[in-house]
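The sequence shown: position 138 = 138 (the UniProt record's numbering), numbered continuously.
Notes follow once the structure below has been shown.
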Amino acid sequence: MSTSTFFVCGATGTQGGAVINHLLKAGAKVHAIARNPDTPAAQSLQSRGVHLTQGDFTDLDTFKQSMRGCTALFLNLMPDLRVPNSEVHQAENILSAAKEAGIKHVIYSSGFSVDEPQRRKHWDPNSFVAKVLLNKQTVENRVKTAGFEYWTILRPGNFMSNYLQPLVRMYPGFVETGVWTTALLPETKLPMVDPNDIGAFGAAALLDPARFHEKEIEIASELRHVEDLTQALARATGRDLKVVFMSQEEIEKQAALNPFIGGQLLMRDMAEIVDMEEVRTWKLPLGTFEEFLEREKEAIKATWSV
């Protein structure tokens, strides 16, 4: 059992919540910030022993106060996509507060291919997705060079929770019509990641900084074809779901209207980035899409009942 205390960003969110679940199971103490500590999610965390301080990502004094006594930070950012470079500014402020608070180890949850997105076949430096990835790349570099005793970079793949509300909105019309219209290819394999597995990696890194020091880890739970994912969703929802693969002409027409098209093009060869054997060498349990769907069956019902 751990006696350490850790600070987790995004405590009521998907990644932060998963990290906290694993830390609490290990007996660790957790500090976090919540904009509204009276929400059901925040109340649940407090009932489980998480020390919550009211504040937001712009309130640096509150960050410093809440981080006191913590040895490590799980950095998981929620940028305002309407504000250029907001993720970089958030990171710089939080890292500064962490240094003042005496934090020794920073784990940053970044994204697939962030270290070298320019190597992807469909890289477009002027796209919305490129701006997001390059901001994350800047944050990675800030974490590495900030002077902390330990640092770790996690790069999760395609979240299984993307097929639940609210993230399923990235696939316009999928829930309403049962048709997933995509710029992916029939042969595309997606590096799927269960948020619970991100939590396992994040907690393991926090609990064992020496083992994870200077490690940059691509995380995928499994690789799955698009059609395969759709049929798994169909079985879980009881609905008739199908995939329609867009033509090049359709992609060109839609790209300017739907910023997620650029992300789908980048994901066509994303499976090449991850070495599943290397992921397994960390000896952490990895879930399947079916296990995720079963665990989240209430959220599946709420999302897909139309």
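By construction, the Cβ of each residue, glycine as well, lies at the ideal position given by its N, Cα and C atoms.
- For E216, the beta-bridge partners assigned by DSSP are I153.
- Taking all protein chains shown into account, R48 has fewer than 16 neighbouring C-beta atoms within 10 Å of its C-beta and is therefore exposed.
- Looking only at L185, L45, I198, T230, the smallest Cα-Cα distance to M270 is reached by L185.
- The beta-carbon separation of L52 and N93, rounded to 20 Å, does not stay under the 8 Å limit for a contact.
- Taking each of H22, G10, N85, T14 in turn and checking the Cα distance to A205, the smallest one comes out for H22.
- Within the stretch 96-168, the runs of alpha helix (DSSP H) at least 4 residues long that lie entirely inside it are, in chain order, 128-145.
- Annotation: the stretch 217-283 contains the following complete segments of the beta strand (DSSP E) (minimum length 3 residues), in chain order: 222-225, 242-245.
- The C-beta distance from S109 to G202 rounds to 7 Å, short enough to fall under 8 Å.
- In this chain, the alpha helix (DSSP H) harbouring V19 covers 14-25.
- In terms of Cα proximity to V106, the closest of F212, D240, I273 is F212.
- Note on geometry: alpha-carbon atoms of F112 and L229 lie some 19 Å from one another.
- In this structure, the alpha-carbon of R224 lies about 15 Å from that of W180.
- Distances from the CA of K136 to each of R169, P156, L233, V244 were compared; the closest alpha carbon is that of P156.
- When DSSP states are grouped into helix, strand and coil, F292 belongs to the helix group.
- Approximately 16 Å separates the beta-carbon atoms of A11 and A26; this is outside 8 Å, ruling out the contact.
- Apart from sequence neighbours up to five positions away, the residues of its chain that approach V226 with a beta-carbon distance below 6 Å are L184, T188, V243, ordered along the chain.
- When DSSP reads this structure, L75 sits in a beta bridge with Y108.
- Short of 7 Å from the beta carbon of L265, and not among the five residues preceding or following it, lie these beta carbons of its own chain, in chain order: H122, A183.
- Considered as a whole, the stretch 28-70 harbours 40-47, 60-67 as its complete alpha helix (DSSP H) runs of no fewer than 4 residues, in chain order.
- Sixteen is the threshold: since fewer than 16 other Cβ atoms of the shown chains lie within 10 Å of the Cβ of R82, the residue is exposed.
- In the structure shown, L206 falls within a helical segment according to DSSP collapsed to helix, strand and coil.
- Cβ contact annotation for G287 (same chain, cutoff 7 Å, sequence separation greater than five): D194, N196, D197, S221, in chain order.
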